[in-house]
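Colleague: Following this message is one structure expressed as structure tokens.
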Amino acid sequence: MSPIEALEARLRALEDADAIRSLKARYFACCDMKDPQGMRECFAAGPVRIDYGAIGVFDNRDGLVAVFERLGCHPHIVEMHHGVNPQIEVLDSAHARGTWGLHYQMLDTRERAFTQLGAYYEDEYRKIDGEWKIAATRCVVTSTLVGSYADAAPGVRFAGRQPGETHAGT
Numbered sequence: 001m002s003p004i005e006a007l008e009a010r011l012r013a014l015e016d017a018d019a020i021r022s023l024k025a026r027y028f029a030c031c032d033m034k035d036p037q038g039m040r041e042c043f044a045a046g047p048v049r050i051d052y053g054a055i056g057v058f059d060n061r062d063g064l065v066a067v068f069e070r071l072g073c074h075p076h077i078v079e080m081h082h083g084v085n086p087q088i089e090v091l092d093s094a095h096a097r098g099t100w101g102l103h104y105q106m107l108d109t110r111e112r113a114f115t116q117l118g119a120y121y122e123d124e125y126r127k128i129d130g131e132w133k134i135a136a137t138r139c140v141v142t143s144t145l146v147g148s149y150a151d152a153a154p155g156v157r158f159a160g161r162q163p164g165e166t167h168a169g170t
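For the sequence shown, the positions run 1 to 170 when UniProt numbering is used.
Okay, here's the thing in structure tokens:
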């Protein structure tokens, strides 16, 4: 490979990693803005593997979107997804993988409750027709805090790992 070809390959990998970061940011924004169609478009069409633990395991993007619409797309549910510490590995011109940390907050204004959790994503990406899409994802919850603000001061209802959840290696 010539020096120019090597430089072009490095630049392409950097551009691909940046496009993947933008894809995941768009996914988080669609979740927060209650945009099911935008969320759906972040995933590859056809068979995909989506493992969101207690929320469900899906073999296509429409199954996840249906659950999202049922659970999250309500005016009294206010969600904030903060993706952090992305580690993107571009494998070739059409495949990549990555991990992300997640800090998530949800306010339920009807129940006057909040949920805060920590998690990480393990993603696989595929470039389809020139666009990166999520082809597989697994979200593992590592900590959860559920509280109430029905009284003057917030009160904690639950803090810790999800019941029945196991950590990798335990």
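Each residue gets a CB set at the ideal place from its N, CA and C atoms; glycine is no exception.
Buried or exposed: residue 23, going by 16 or more other Cβ atoms within 10 Å of its Cβ?
Modeller: buried
Colleague: My output table needs one value for residue 148: the three-state DSSP class, helix, strand or coil.
Modeller: The answer is strand: DSSP assigns residue 148 an E or B state.
Colleague: According to the Cβ coordinates, are residue 95 and residue 82 closer than 8 Å?
Modeller: no
Colleague: The alpha helix (DSSP H) that contains residue 39, what's its start and end?
Modeller: 36–41
Colleague: By Cβ distance below 6 Å, which residues in the same chain neighbour residue 101 in space, the five residues on each side in sequence not counted?
Modeller: 84, 85, 120
Colleague: Which of the three DSSP states, helix, strand or coil, is assigned to residue 90?
Modeller: strand
Colleague: When you compare the region 133–141 with the region 31–49, are there three or more beta-carbon pairs, one atom per stretch, that lie closer than 8 Å?
Modeller: Touching, per the Cβ criterion.
Colleague: By how many angstroms is the C-alpha of residue 145 removed from the C-alpha of residue 69?
Modeller: Going from the Cα of residue 69 to the Cα of residue 145 covers about 23 Å.
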